[in-house]
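Report on the following structure.
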Amino acid sequence: MGDIRFIHTADLHLGSPFSGMKGLKKEQWQFVKNSTYAAFDRLIDYAIKETPDFVLIAGDIYDGEDRSIRAQHRFQQGMERLADAGIPVVLGYGNHDHLSGQWVRFELPENVHVFGPDVSQIRLATRNGEAIISGFSYGERHVKRAMIQDFLPAEESGAFYIGMLHGSMDGETAHAVYAPFTKQQLLEKNYDYWALGHIHKREELHHNPSIVYPGNIQGRHKNESGTKGFYDVSLSKSGTSLQFVPVSAVQFDGLSIACGGIMHMNELIDACRNSVEHHLIEHGPSILQLNLADVDEGAKELFEEVTEKELRETLQEALEELETFVWLSSIEIELGQEVFEISPLAEKIIAAMDSWQLADWKNALKDLYRHPKGSRFLEPLSDRETVDIQAAAIQKIRRNVRMGE
């Protein structure tokens, strides 16, 4: 048997609202809002150019259970383009776009094979053998049952077995745990490849057979940083070759800028502009969180006399002449004890936060996460998120609660 070749993607999140991004001009906001669609179009363009045997989409095609008409139309158009190119698509819906949502129905072309709420198999003939693809769609938003139990083991030696599973490893803390599984449970099925979805960070959990998260195709906030895309997979009975294909239209990232020796604001602005410009040349359109590092005594007055908002607006204005889109989401300043002496009260607050567990953070932030409108735009609180929240809180405390105040 020769190789079969397919695209493995997941978590398109078409129609993502990109909530919390304030201050963008109309055309900038449209650029960010359209980024999931632009990434999706790049995926379709790549597939038509490369003509794989088929495309796998492992859940969360849409960002919400009430799929917008625009998102469905864009997806339907993409599937029609693949149909015209003779490329089959196999997909399952995830927890974000489960089958119990309410939406205006769009008819997908015949090349698209959709899993129902129960685990089933779809057979696709390729030039180098038959692919038997097992998977399911979420019948409702919260699938807590271990669906892996319903996947049939591989039995036909002359076929390629692929499992599609939108879910998370048992014990995962970065995302809500849905359709949990263990690596051993996957391996026991003797499949040739596991196409996973749900976790927005690309990762190969196992090699030969490959168990793979491709991540999402477009970052949506600072915790989904870096280049996003999908995998072009070549699969044989002797092994797997993975080629990551970047398609994100705008990249979330953190950028550290050394401020040692800076004494004047124009020096700081020039340093930030030069660093941002180099980042854009390498990574393209970006939404950046600036980290002003190595702040020493010479820069003390610069940060005492301006607010973070004023500084961010000034830097954003200085970046407008750059041809590539860039937006500064926030600015963090590394202020050491030797530069700003903070009060004993501030030290007590910081020490108290150091001892907090996840339950303590949930209690402190419960009003925010219980808000009927705002909570739907928040990712589940995890240990990873609390690290970022604590770091931001400490920066604000060190800056605003000082000796003598």
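Per the UniProt record's numbering, residue 1 is the first one in the sequence shown, and the count goes up by one each step. Where a beta carbon is used, it is the ideal one built from N, C-alpha and C, also for glycine. Bear in mind that the values here come from a model prediction, so they are computed numbers and not experimental data.
As assigned by DSSP and simplified to three states, the class of residue i
i: residue 57; result: strand
i: residue 68; result: coil
i: residue 411; result: Residue 411 is absent from the structure shown; the chain starts at 1 and stops at 405.
i: residue 48; result: helix
i: residue 81; result: helix
i: residue 225; result: coil
i: residue 178; result: coil
i: residue 99; result: coil
i: residue 169; result: strand
i: residue 344; result: helix
i: residue 270; result: helix
i: residue 403; result: Any reading at residue 403 must be qualified, since the residue scores a pLDDT of 42, below 50, and its modelled position is unreliable; the value itself is stated next. In the structure shown, residue 403 sits in coil (DSSP, three-state: anything other than H, G, I, E or B).
i: residue 36; result: helix
i: residue 164; result: strand
i: residue 138; result: coil
i: residue 194; result: strand
i: residue 337; result: Caution applies to residue 337, whose pLDDT of 47 falls short of 50 and renders its modelled position unreliable; the model cannot decide the point.
i: residue 121; result: strand
i: residue 358; result: helix
i: residue 276; result: helix
i: residue 392; result: helix
i: residue 364; result: helix
i: residue 243; result: strand
i: residue 231; result: strand
i: residue 30; result: helix
Rounded distance between the beta-carbons of residue j and residue i, thought under 8 Å
i: residue 90; j: residue 122; result: 6 Å
i: residue 95; j: residue 67; result: The Cβ separation is near 14 Å, so there is no contact.
i: residue 299; j: residue 262; result: 5 Å
i: residue 136; j: residue 189; result: The Cβ separation is near 14 Å, so there is no contact.
i: residue 467; j: residue 6; result: No answer is possible for residue 467: it lies beyond the span of the chain, which begins at 1 and ends at 405.
i: residue 203; j: residue 213; result: 5 Å
i: residue 8; j: residue 60; result: That belief does not hold up - the Cβ atoms of residue 8 and residue 60 are roughly 14 Å apart, past 8 Å.
i: residue 394; j: residue 350; result: 6 Å
i: residue 163; j: residue 191; result: 5 Å
i: residue 198; j: residue 11; result: 7 Å
Counted within 10 angstroms of its Cβ, other Cβ atoms place residue i as buried (16 or more) or exposed
i: residue 224; result: buried
i: residue 216; result: buried
i: residue 153; result: exposed
i: residue 69; result: exposed
i: residue 338; result: Because the pLDDT of residue 338 is 49, which lies under 50, any placement of that residue in the model is unreliable, and the question is left without a value.
i: residue 78; result: buried
i: residue 288; result: buried
i: residue 18; result: buried
i: residue 72; result: buried
i: residue 369; result: exposed
i: residue 51; result: exposed
i: residue 132; result: buried
i: residue 98; result: buried
i: residue 322; result: exposed
i: residue 344; result: exposed
i: residue 182; result: exposed
i: residue 392; result: exposed
Which listed residue (the options) has its alpha carbon closest to that of residue i
i: residue 386; options: 397, 357, 320, 367; result: 357
i: residue 114; options: 346, 127, 138, 102; result: 138
i: residue 313; options: 295, 290, 323, 284; result: 290
i: residue 221; options: 50, 41, 322, 21; result: 21
i: residue 166; options: 306, 117, 246; result: 117
i: residue 128; options: 305, 328, 369, 54; result: 54
i: residue 306; options: 264, 361, 39, 281; result: 264
i: residue 248; options: 295, 200, 278; result: 200
i: residue 146; options: 186, 343, 124, 161; result: 186
i: residue 246; options: 390, 41, 310; result: 41
i: residue 478; options: 86, 327, 359, 155; result: Absent from the structure is residue 478, since the part of the chain shown begins at 1 and ends at 405.
i: residue 76; options: 348, 112, 168; result: 112
i: residue 184; options: 177, 149, 353, 156; result: 149
i: residue 120; options: 100, 84, 161, 126; result: 161
Next on the checklist: So, does the stretch 268-275 touch the stretch 215-235, judging by three or more C-beta pairs under 8 Å?
Outcome noted: no
Item to check | Cβ contact check for the stretch 269-288 and the stretch 232-244: 3 or more pairs under 8 Å | outcome: no
Next on the checklist: Could you check whether the stretch 205-214 touches the stretch 101-108, counting it as contact only if at least three pairs of C-beta atoms, one from each stretch, sit closer than 8 Å?
Outcome noted: no
Checklist entry - Looking at C-beta atoms only, is the number of pairs between the stretch 43-51 and the stretch 249-256 that lie closer than 8 Å three or more? => result no
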